[in-house]
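Novice:
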Amino acid sequence: VQLQASGGGLVQAGGSLRLSCAASGSIFSINAMGWYRQAPGKERELVAVITSGGSTNYVDSVKGRFTISRDNAKNTVYLEMKSLKPEDTAVYYCNAIKRGISYWGQGTQVTVSS
Numbered sequence: 097v098q099l100q101a102s103g104g105g106l107v108q109a110g111g112s113l114r115l116s117c118a119a120s121g122s123i124f125s126i127n128a129m130g131w132y133r134q135a136p137g138k139e140r141e142l143v144a145v146i147t148s149g150g151s152t153n154y155v156d157s158v159k160g161r162f163t164i165s166r167d168n169a170k171n172t173v174y175l176e177m178k179s180l181k182p183e184d185t186a187v188y189y190c191n192a193i194k195r196g197i198s199y200w201g202q203g204t205q206v207t208v209s210s
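First residue of the sequence shown: 97, per this note's numbering; consecutive thereafter.
1. Which residues in the same chain as residue 107 place their Cβ atom closer than 8 Å to its Cβ, once the five residues preceding and following it in sequence are excluded?
2. Taking residue 115 and residue 192 to be in contact with their CB atoms under 8 Å, please state how far apart those CB atoms are, rounded to whole angstroms.
3. Tell me which residue opens and which closes the beta strand (DSSP E) that residue 162 is part of.
4. Identify, in the order they occur along the chain, each residue of the same chain with its Cβ nearer than 8 Å to the Cβ of residue 155, setting aside the five sequence neighbours on each side.
5. Between residue 174 and residue 202, what straight-line distance do the alpha-carbon atoms span, to the nearest angstrom?
6. How would you call residue 104, buried or exposed, if buried means at least 16 neighbouring beta carbons within 10 angstroms?
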């Protein structure tokens, strides 16, 4: 499974960004896809996840602001981020779980200025 993330950038507080993660390769039987983030000096944390059945889950700090969705025809997962805060600044990583194996895309930087 190969994952290609895109969509990061610099935005002012209160702004919006949409991240995309396109999956390719052996994508059959991917159980879940999600987004993690890692801020400087902090551990990587799960931001949002969507299962193959469409169930979603979010870290409390982004609930009501971020939305994860998927386009099965494009094998792509999106993370719509609204009302961004400076504390959302981090490198965001796309992740896929297939048969217990975790796959990672390259990170994309999201910077929110105050």
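All C-beta atoms, glycine included, are put in the ideal place defined by N, C-alpha and C.
Specialist: Checking against the coordinates, here is how it stands:
1. Here residue 107 refers to the residue found at position 11 of the sequence shown. The answer, listed in chain order, is 113, 180, 206, 207, 208 and 209.
2. Position 19 of the sequence shown, counted from the start, is the residue given in the question as residue 115. Position 96 of the sequence shown, counted from the start, is the residue given in the question as residue 192. With a Cβ gap of about 14 Å, residue 115 and residue 192 do not count as contacting.
3. On the sequence shown, residue 162 is found 66 positions in, with the first residue counted as 1. 162-167 is the extent of the beta strand (DSSP E) around residue 162.
4. Numbered from 1 along the sequence shown, position 59 holds the residue referred to as residue 155. The answer, listed in chain order, is 141, 142, 143 and 144.
5. Position 78 of the sequence shown, counted from the start, is the residue given in the question as residue 174. Position 106 of the sequence shown, counted from the start, is the residue given in the question as residue 202. Those two C-alpha atoms are separated by around 15 Å.
6. In the sequence shown, residue 104 corresponds to position 8, counting from 1. So residue 104 counts as buried.
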